[in-house]
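Novice:
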Amino acid sequence: MTRLRTLALTLAILVALALPVLAQPKDTLVVGLASIIDTLDPHMHFQRVGILVNINMFDSLLHKTTRLEYEPSLAVSWKSVTDTVWEFKLRQGVKFHTGDTMTAEDVKYSFDRVIDPKKKSPQYGNVRAIKEVKIVAPDTVQLITDAPYPLLLERLVFFPIVPRKHVEKVGDQTFGESAAVGTGPWKLAEYKRDQHIKLEAFDGHWRGKPAFRYLVFRSIPEVATQVAELKTGGVDIIRNVLADLVPELKSHPQTYVTSTPILRTHYVMLDMRQAPFDKKAVRQAANYAIDREVIVQKMMGGLGRVVPTVVHPAAFGYDPSVTPYPYDPKKAKELLAQAGYPNGMDITLHSAFIEFRPVFEALAQMLTEVGIRTSPKMWDPGPAYNKFFQGEGKATHGAYGSWGYYSVFDADAILHPLYHTEPGGWIGKWYARVEGLDPLIDQARSTVDQAARKRTYSQIIRVIKEEAPSIFLFHQFDTLGISKKVDYAARGDEWLWLFDAKPKR
Amino acid sequence: MTALVVRRLLRLVVVCVGVSLVAFSILQVSGDPVSLMLPEAPDSDRDVLRQAMGFNDPVVVQFVRFVGNAFRGDFGKSFFHRTPALPLVLERMPTTLTLTVLAMALALAVALPVGIYSAVRRDSVVDHAATAVVFLGQSMPVFWTGIMLILLFAVQWRLLPVSGWNDWSSLVLPTITLGTFSAPLLLRIVRSSMLEVINLDYVRTARAKGLSEWFVICRHALVNAALPLVTVTGLQFGLLLGGAVITETVFAVPGVGRLIVNAIRQLDFPVVQAAVFVLAMIIVLVNFAVDMLYVYLNPQIRVR
Numbered sequence: 001m002t003r004l005r006t007l008a009l010t011l012a013i014l015v016a017l018a019l020p021v022l023a024q025p026k027d028t029l030v031v032g033l034a035s036i037i038d039t040l041d042p043h044m045h046f047q048r049v050g051i052l053v054n055i056n057m058f059d060s061l062l063h064k065t066t067r068l069e070y071e072p073s074l075a076v077s078w079k080s081v082t083d084t085v086w087e088f089k090l091r092q093g094v095k096f097h098t099g100d101t102m103t104a105e106d107v108k109y110s111f112d113r114v115i116d117p118k119k120k121s122p123q124y125g126n127v128r129a130i131k132e133v134k135i136v137a138p139d140t141v142q143l144i145t146d147a148p149y150p151l152l153l154e155r156l157v158f159f160p161i162v163p164r165k166h167v168e169k170v171g172d173q174t175f176g177e178s179a180a181v182g183t184g185p186w187k188l189a190e191y192k193r194d195q196h197i198k199l200e201a202f203d204g205h206w207r208g209k210p211a212f213r214y215l216v217f218r219s220i221p222e223v224a225t226q227v228a229e230l231k232t233g234g235v236d237i238i239r240n241v242l243a244d245l246v247p248e249l250k251s252h253p254q255t256y257v258t259s260t261p262i263l264r265t266h267y268v269m270l271d272m273r274q275a276p277f278d279k280k281a282v283r284q285a286a287n288y289a290i291d292r293e294v295i296v297q298k299m300m301g302g303l304g305r306v307v308p309t310v311v312h313p314a315a316f317g318y319d320p321s322v323t324p325y326p327y328d329p330k331k332a333k334e335l336l337a338q339a340g341y342p343n344g345m346d347i348t349l350h351s352a353f354i355e356f357r358p359v360f361e362a363l364a365q366m367l368t369e370v371g372i373r374t375s376p377k378m379w380d381p382g383p384a385y386n387k388f389f390q391g392e393g394k395a396t397h398g399a400y401g402s403w404g405y406y407s408v409f410d411a412d413a414i415l416h417p418l419y420h421t422e423p424g425g426w427i428g429k430w431y432a433r434v435e436g437l438d439p440l441i442d443q444a445r446s447t448v449d450q451a452a453r454k455r456t457y458s459q460i461i462r463v464i465k466e467e468a469p470s471i472f473l474f475h476q477f478d479t480l481g482i483s484k485k486v487d488y489a490a491r492g493d494e495w496l497w498l499f500d501a502k503p504k505r
Numbered sequence: 506m507t508a509l510v511v512r513r514l515l516r517l518v519v520v521c522v523g524v525s526l527v528a529f530s531i532l533q534v535s536g537d538p539v540s541l542m543l544p545e546a547p548d549s550d551r552d553v554l555r556q557a558m559g560f561n562d563p564v565v566v567q568f569v570r571f572v573g574n575a576f577r578g579d580f581g582k583s584f585f586h587r588t589p590a591l592p593l594v595l596e597r598m599p600t601t602l603t604l605t606v607l608a609m610a611l612a613l614a615v616a617l618p619v620g621i622y623s624a625v626r627r628d629s630v631v632d633h634a635a636t637a638v639v640f641l642g643q644s645m646p647v648f649w650t651g652i653m654l655i656l657l658f659a660v661q662w663r664l665l666p667v668s669g670w671n672d673w674s675s676l677v678l679p680t681i682t683l684g685t686f687s688a689p690l691l692l693r694i695v696r697s698s699m700l701e702v703i704n705l706d707y708v709r710t711a712r713a714k715g716l717s718e719w720f721v722i723c724r725h726a727l728v729n730a731a732l733p734l735v736t737v738t739g740l741q742f743g744l745l746l747g748g749a750v751i752t753e754t755v756f757a758v759p760g761v762g763r764l765i766v767n768a769i770r771q772l773d774f775p776v777v778q779a780a781v782f783v784l785a786m787i788i789v790l791v792n793f794a795v796d797m798l799y800v801y802l803n804p805q806i807r808v809r
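Chains P and Z, in that order, give the protein sequences.
The opening residue of the first sequence carries number 1 in my numbering; numbering runs sequentially from there.
The opening residue of the second sequence carries number 506 in my numbering; numbering runs sequentially from there.
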């Protein structure tokens, strides 16, 4: 009798244990993220994991289709009035999650709170070209820039509109912590720091109802755990699937993989201010030393594509007539000898790009083979920022890294930070010294004449290919692991626009 | 007895000061958080922030300010969460402590009976099996154990959730993972200290008095064998808190460990300092409790 009771009890426990796994409701879509953002205020951070949550709660003036073309969102139409004035017609009758109707006042307020330096928004730099937001009619606003600003529309694709009355009532802090309100397809239901963000479909959304009633973003730092959750149905989507995991998720009966080229471009910045990379021949030699195809195929599992410079094929300004440096170790050795290094030299490269350590080590090995004997130094991202970009830019000789263009499909979004030397040139200031490049970059960013811009970028691309301020490498793919119960495709801008996600039957 | 307690308490204060010195200075040499907080700002803006945060003051001034504030429980605001650091740590503490205490309890629940049995039935099958398991358990790193348990119990057999911190079922795997890390050492200590006392004269005397074997083992042998066990358990507590960092990461448990790891990544000084301080205090208090327990268990110390 006792034994029977023990057996029954054991069974009951096992069943109870199994229940939470089986009882996965179909109206919920769960996304596993490496971390959860500290604030839901879409204007007070610039982290990818935050943007991915924000875009599903907030709308911006413009949106992009899956083919990355502009599409009306809160603005139904737009036109440039002069070189520095853009006019936007607002969609009428759009409701915030609080029930209030969105007005031109809210649009103006949203820009003002980022442009105001006192608010210390990290996104200030993205929109600081906007001098004034003018309400010209209840349904029309004008954005006035201090100079022609060709990137304006790109910057408006992620620029969420927030409700003025509500934000002023609850205050900035509470808005970000517990009372985030937008016009997006989902509204905030629960925000548990370090654990999850739960969103619930907003019935009054102007696009209609999303396919999933609930959207949950869970924080799962460990990749192996993310994969295990995906296989067991605990989560439906995981991001940044590395090459070595792709075959496993492709062949698993419950999961599939979707992959698409993205803007994130890899490079090695070379310190042009000192030997040996002050010599053009050495920089070119470094470019000839790298077998890019082998790296993309073997180390990236094919999830990348070689780029001729750092300008991405999908970015405005790309010039297909410029080709990548071929892999030519013999030529590299000749160039080194020409530059006065017949016996090569010893250098140190740095990186904080932990996920791509194998690539970094392969690069160092290939450089060493032609005589640029490289010791690769790997850093934790925290201290690395200090090491690379502080004071004198102490990463002597160079640093391996990547740039994601802020999801802005324009050559300026990488040329300015990487190669412009004035303050504001984010990395370039410490490394690049290409004569005549600064004025060219300035020229291309201060006109809205797209044909003229394209010509300038062609010229720039030729200059940087010749001058080789970096070792040019490849751009990577974004790879998502997805449950077979869900239909969704990776986007070229790394967004998770989950309004497009549908349950699969 | 009172003198002893006072001495131990004094030592506690010294340790506190030492801990704050270490917490303060490690972060001083590790880099500049301003460049992380304002990555794309011009240097002039950074200088303003640096001034406002007091990073330009001499290190000694910064340290004195740090200790003064620390004693009032004020570690400053987290640079990234923009809220006071100490509550951030304290609100995650129960999770980490629950995990640690459960793992400790599990480890003891396994180590005590198996260890005693191995000692009493030395060279039996159980004893040899236990030794083998000890070797295995000590050789497995926590993150590996965790992932293996996930693969077996969650992915293969679908018995338990993979990760998270919700109902009791989500506590099972992290507890086993962390317990596995601690049990082998405790088991070895129980076994060897039992072996030491079990053949001593007083145990034989107890047996000769005709007491039951059960009573002899528990009342006479175990109490004396418990001294090293108590010490090691106290020390293990600190190790388990450290192991909890990894366990929390593997199982996506929102505890102090993950908070610290993220804070270190972001050079979030106040949070790291508050967390190191609180954890060190817990370890100090546990050790103090162990000392006191020691006194209770071993009358010789009271006399000395």
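Built from N, CA and C at the ideal position, the CB exists for glycine as well.
Remember, it's a predicted structure, so these values are computed and weren't measured experimentally.
#1: Any C-beta of chain P sitting closer than 9 Å to the C-beta of Ile765/Z?
#2: In angstroms with no decimal places, state the Cα-to-Cα distance between Tyr248/P and Lys131/P.
#3: My parser needs the beta strand (DSSP E) runs of 3 or more residues fully inside the stretch 62–128 of chain P; what are they?
#4: With DSSP as the reference, label Thr752/Z as helix, strand or coil.
#5: What is the residue span of the beta strand (DSSP E) that Glu222/P lies within?
#6: Check the Cβ-Cβ distances between Thr680/Z and every residue of chain P, and say whether any is below 9 Å.
#7: With distance defined between alpha-carbon atoms, name the residue in Val791/Z, Val781/Z, Met797/Z nearest to Phe580/Z.
#8: Can you find a CB in chain P that lies within less than 9 Å of the CB of Pro666/Z?
#9: So His97/P packs on Gly182/P, CB below 8 Å; how close in whole Å?
#10: Do you know offhand how far Gly233/P's Cα is from Pro666/Z's?
#11: Cα-Cα, which of Val127/P, Val157/P, Val94/P is closest to Asn54/P?
#12: Taking the alpha-carbon of Phe640/Z as reference, which of Ser674/Z, Thr685/Z, Val766/Z has the nearest alpha-carbon?
#13: Counting only beta-carbon separations shorter than 9 Å, does Gly669/Z have a partner in chain P?
#14: Going by beta-carbon coordinates alone, are Ala779/Z and Leu591/Z separated by less than 9 Å?
#15: Taking 8 Å as the cut-off, is the C-beta of Pro439/P nearer than that to any heavy atom in the ligand NAD?
#16: Okay, do the stretch 70–87 of chain P and the stretch 111–128 of chain P touch, 3+ Cβ pairs below 8 Å being the bar?
#17: Using 9 Å as the limit for Cβ to Cβ distance, is Ser407/P near chain Z?
#18: To the nearest angstrom, report how far apart Asp632/Z and Val737/Z are at their CA atoms.
#19: In this structure, what does DSSP give as the bridge partners for Phe477/P?
#20: Quick one: is Arg213/P near chain Z, going by C-beta distance under 9 Å?
#21: Kindly provide the ranges of any beta strand (DSSP E) runs that are 3 or more residues long and lie completely inside the stretch 413–485 of chain P, ordered along the chain.
#22: Count Cβ pairs between the stretch 239–253 of chain P and the stretch 666–678 of chain Z that sit closer than 8 Å; are there 3 or more?
#23: Leaving out five residues before and five after Val170/P in sequence, what residues of the same chain have Cβ atoms less than 7 Å from its Cβ?
#24: Just reading off the alpha helix (DSSP H) that Ile788/Z is part of, what are its end residues?
#25: Below 8 Å on the Cβ atoms is my guess for Pro261/P versus Arg305/P; work out the distance and round it to an integer in Å.
#26: How big is the Cα-Cα spacing for Gly428/P and Phe360/P?
#27: Please specify which runs of the alpha helix (DSSP H), each continuous and at least 4 residues long, are wholly inside the stretch 136–200 of chain P, giving them in chain order.
#28: Less than 8 Å between C-beta atoms, sequence neighbours within five positions excluded: which residues of the same chain meet that for Gln195/P?
#29: In angstroms with no decimal places, state the Cα-to-Cα distance between Met609/Z and Asn792/Z.
#30: With distances taken from CA atoms, which of Thr66/P, Ser110/P, Pro253/P, Phe159/P is nearest Ile51/P?
#31: Note down the Cα distance separating Phe584/Z from Val553/Z, rounded to an integer number of angstroms.
#32: Answer yes or no: does any C-beta atom of chain P fall closer than 9 Å to that of His725/Z?
#33: Between the C-alpha atoms of Leu784/Z and Leu746/Z, what's the straight-line distance to the nearest angstrom?
#34: Can you check the stretch 253–315 of chain P for any beta strand (DSSP E) of at least 3 residues that lies completely inside it and give the ranges in chain order?
#35: For Val755/Z versus Gly669/Z, is the C-beta distance shorter than 9 Å?
#36: Spell out whether any CB of chain P is found under 9 Å from the CB atom of Thr660/Z.
Specialist: Let's see:
#1: In the second sequence, the residue the question calls residue 765/Z occupies position 260. Under the 9 Å criterion on CB atoms, Ile765/Z is classed as non-interfacial with respect to chain P.
#2: Locating residue 248/P in the first sequence gives position 248, counting from the first residue. Locating residue 131/P in the first sequence gives position 131, counting from the first residue. The residue asked about is misnamed: residue 248/P is Glu in this sequence, not Tyr. Cα to Cα, Glu248/P sits roughly 51 Å from Lys131/P.
#3: 62–64, 70–72, 75–82, 85–90
#4: By one-based count along the second sequence, residue 752/Z stands at place 247. Reduced to three states, the DSSP call for Thr752/Z is helix.
#5: Locating residue 222/P in the first sequence gives position 222, where the first residue counts as 1. No beta strand (DSSP E) contains Glu222/P, which DSSP labels as neither H nor E.
#6: By one-based count along the second sequence, residue 680/Z stands at place 175. By this cut-off, Thr680/Z is not an interface position.
#7: The sequence position of residue 580/Z within the second sequence is 75, counting from 1. Nearest C-alpha to Phe580/Z: Val781/Z.
#8: Here the question's residue 666/Z lines up with position 161 in the second sequence. Closer than 9 Å to some Cβ of chain P, the Cβ of Pro666/Z qualifies, so yes.
#9: Taking the first sequence and counting its residues from 1, one reaches residue 97/P at position 97. Taking the first sequence and counting its residues from 1, one reaches residue 182/P at position 182. With a Cβ gap of about 7 Å, His97/P and Gly182/P count as contacting.
#10: Within the first sequence, residue 233/P is the residue found at index 233, counting from 1. Within the second sequence, residue 666/Z is the residue found at index 161, counting from 1. When rounded, the distance between both Cα atoms is 10 Å.
#11: What you label residue 54/P is simply residue 54 of the first sequence in a count that begins at 1. Comparing Cα positions, the closest option is Val157/P.
#12: By 1-based counting over the second sequence, the position of residue 640/Z is 135. Checking every option, the nearest Cα to that of Phe640/Z belongs to Thr685/Z.
#13: Translated into the one-based positions of the second sequence, residue 669/Z becomes position 164. So yes, Gly669/Z belongs to the interface.
#14: To locate residue 779/Z, count along the second sequence from 1; it is residue 274. To locate residue 591/Z, count along the second sequence from 1; it is residue 86. Yes.
#15: Looking for the ligand NAD in the displayed structure turns up nothing, as the structure carries no ligands at all.
#16: no
#17: Position 407 of the first sequence, counted from the start, is the residue given in the question as residue 407/P. For Ser407/P, the answer is no, since every Cβ of chain Z falls outside 9 Å of its Cβ.
#18: Position 127 of the second sequence, counted from the start, is the residue given in the question as residue 632/Z. Position 232 of the second sequence, counted from the start, is the residue given in the question as residue 737/Z. Rounded to whole angstroms, Asp632/Z to Val737/Z spans 21 Å at the Cα level.
#19: As a working note, residue 477/P is residue 477 in the first sequence. Phe477/P pairs with Pro261/P.
#20: As a first step, residue 213/P is located in the first sequence; it is residue number 213 there, counting from the start. No - not a single Cβ of chain Z is within 9 Å of the one on Arg213/P.
#21: 470–483
#22: no
#23: Numbered from 1 along the first sequence, position 170 holds the residue referred to as residue 170/P. Result list for Val170/P: Ala179, in chain order.
#24: If you number the second sequence from 1, residue 788/Z lands on position 283. Note, Ile788/Z: alpha helix (DSSP H), 774–802.
#25: Walking along the first sequence from the start, residue 261/P turns up at place 261. Walking along the first sequence from the start, residue 305/P turns up at place 305. Between Arg305/P and Pro261/P the Cβ distance is about 6 Å, and since that is below 8 Å, they are a contact.
#26: Start at 1 with the first residue of the first sequence, and residue 428/P comes out as number 428. Start at 1 with the first residue of the first sequence, and residue 360/P comes out as number 360. Their Cα atoms are separated by approximately 20 Å.
#27: 152–155, 164–170, 172–177
#28: By 1-based counting over the first sequence, the position of residue 195/P is 195. Around Gln195/P: Ile36, Arg218, Ser219.
#29: Walking along the second sequence from the start, residue 609/Z turns up at place 104. Walking along the second sequence from the start, residue 792/Z turns up at place 287. Going from the Cα of Met609/Z to the Cα of Asn792/Z covers about 15 Å.
#30: Counting from 1 along the first sequence, the entry for residue 51/P is found at position 51. For the residues Thr66/P, Ser110/P, Pro253/P, Phe159/P, the minimum Cα distance to Ile51/P belongs to Phe159/P.
#31: Taking the second sequence and counting its residues from 1, the one referred to as residue 584/Z is at position 79. Taking the second sequence and counting its residues from 1, the one referred to as residue 553/Z is at position 48. Straight-line Cα distance between these residues: approximately 15 Å.
#32: For the purposes of this step, residue 725/Z is taken as residue 220 along the second sequence, with counting starting at 1. For His725/Z, the answer is no, since every Cβ of chain P falls outside 9 Å of its Cβ.
#33: By one-based count along the second sequence, residue 784/Z stands at place 279. By one-based count along the second sequence, residue 746/Z stands at place 241. Their Cα atoms are separated by approximately 8 Å.
#34: 255–270, 304–306
#35: Position 250 of the second sequence, counted from the start, is the residue given in the question as residue 755/Z. Position 164 of the second sequence, counted from the start, is the residue given in the question as residue 669/Z. Not a contact, by the Cβ cut-off of 9 Å.
#36: Along the second sequence, one-based indexing puts residue 660/Z at 155. Residue 660/Z is actually Val in this sequence, not Thr. Chain P, which has a Cβ nearer than 9 Å to the Cβ of Val660/Z, makes this yes.
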